[in-house]
Amino acid sequence: MITVHHLENSRSQRVLWLLEELGLPYTVKRYERDPKTMLAPPELRSVHPLGKSPVLVDRDPSGASRILVETGAIVEHLVDKADGRLGKPYGDDAAMRYRQFLHYAEGSLMPPLLINLVLGRIPMVGKTAQKRLQPMIDVHLDFVERELGARPWFAGDTFTAADIMMSFPLEAARDRGFLSVGKPITNIWLDTIQARPAYQAALEQGGPYRFA
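Throughout the sequence shown, residue numbering follows our numbering, covering 314 to 525 in sequence.
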């Protein structure tokens, strides 16, 4: 049995969405952020020493448990568990793009967005630093727009787990106004994924999610 330790407005929403797409049974334990710091509550440290979400606990029929963190690793585990569904597509080019975007989401796209968020909380100096960071963010979002202009999904012609991984940084980018001008294809892609029945079902399981 799978249990997802899910933090509101976080990367873990993608794990719930993938589980819904794959049709794997699971339960959710919800956590709320501290209203002042917006950090995860200390209770998550009792599940995993890092005290972050998502955390996935996978119990096999014998009762043995495996605890897994890092969204990308969890996504790969669940795809394997579902016999490769939504995983690497057919064809060398599509398979390469699948691997690339599965890791690009957290490895390259999310860091400047997160830095921008942190800088926004620093009076005066933070605003200046945000302006200097903006060209880096623009490079990434221009790249994404071109890629989605070349094919319907990030890996190719079919929806995969790479699209699920890419959802959170792009939702965060839109929430912060970075997609308001000159990114029509990315906005259409976001509207398309958010209309999927499994995405909507995951919202019901996870509770309020500011990026939907």
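Glycine is no exception: its CB is placed at the ideal position from the N, C-alpha and C atoms. Note that the structure is a prediction, hence the values are computed from the model and not measured.
Under 8 Å Cβ to Cβ from Ala408, same chain only, skipping five residues before and after it: list those, please. Lys401, Pro402 and Ala468
What residues match up with Lys342 in a beta bridge as DSSP calls it? His318
Where the alpha helix (DSSP H) containing Ser480 begins and where it ends: Ala474 to Asp488
Taking buried to mean at least 16 other C-beta atoms within 10 Å of its own C-beta, is His416 buried or exposed? Taking all protein chains in view, the Cβ of His416 is surrounded by fewer than 16 other Cβ atoms within 10 Å, so the residue is classified as exposed.
Neighbourhood of Thr441 by C-beta, 7 Å cutoff - its chain only, sequence neighbours within 5 removed: Once the five neighbours on either side are set aside, Thr441 has no close Cβ partner at all.
Taking the C-alpha atoms as reference points, what is the distance between Asp373 and Ala395? 14 Å
Taking Asp455 as part of the alpha helix (DSSP H), name the residues at either end of that continuous run. Per DSSP, Asp455 belongs to the alpha helix (DSSP H) from Val438 to Ala463.
Below 6 Å CB to CB, which residues in the same chain sit around Ala475 once its five sequence neighbours on both sides are set aside? Tyr411, Phe414, Leu415, Phe467 and Ala468
Take Glu333 as the anchor and find which of Gln513, Ala525 and Phe524 has the nearest alpha-carbon. Gln513
Quick check on DSSP: helix, strand or coil for Ile435? coil
Please return the same chain residues whose Cβ sits closer than 7 Å to the Cβ of Leu503, not counting the five positions on each side in sequence. Leu483, Glu484 and Arg487
What are the uninterrupted segments assigned as beta strand (DSSP E) that are 3 or more residues long and contained completely in the segment 373–415, given in chain order? 378–382
Inter-stretch contact at 8 Å, needing at least 3 Cβ pairs: the segment 439–458 / the segment 342–350: no
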